[in-house]
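Quick notes on the structure that follows.
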Amino acid sequence: MIDFMQKIMQSTTNSITDAITFLIIAIFYEVTVLQLPIPEVFNMLGILVIIALGINLIIAPENPLPQRIFNTDFHNVKQ
């Protein structure tokens with residue numbers, strides 16, 4: 001479970017690092033053109049991190065649960 005969360009956190013960090021150029025442009029736009037206060041900008045970044053973490057949890061290739069809730073392996077269904 002700890003290894004799974006470490007992989008998820010690493011994946012989230014990688015995806016945010018890949019998008020750093022667009023994040024810097026968005027932050028610059030928010031602060032200069034829209035003139036939003038800095039706490040609001042950091043709140044938006046926090047929400048972005050939470051959404052990225054949620055997306056990485058959804059598309060994770062592994063299932064951290066001991067057994068799958070839904071059986072999606074239709075080829076090996078016991079009758």
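Sequential numbering of the sequence shown, starting at 1, is according to our numbering. Idealized CB from N, CA, C, for every residue including glycine. Quick caveat, the model's predicted, so the values are computed rather than measured.
For residue i versus residue j, is the C-beta spacing smaller than 8 Å?
i	j	result
S15	A60	no
N43	T12	no
V33	V41	no
Could you tell me the boundaries of the alpha helix (DSSP H) in which residue i lies?
i	result
A26	I20 to T32
P39	I38 to I58
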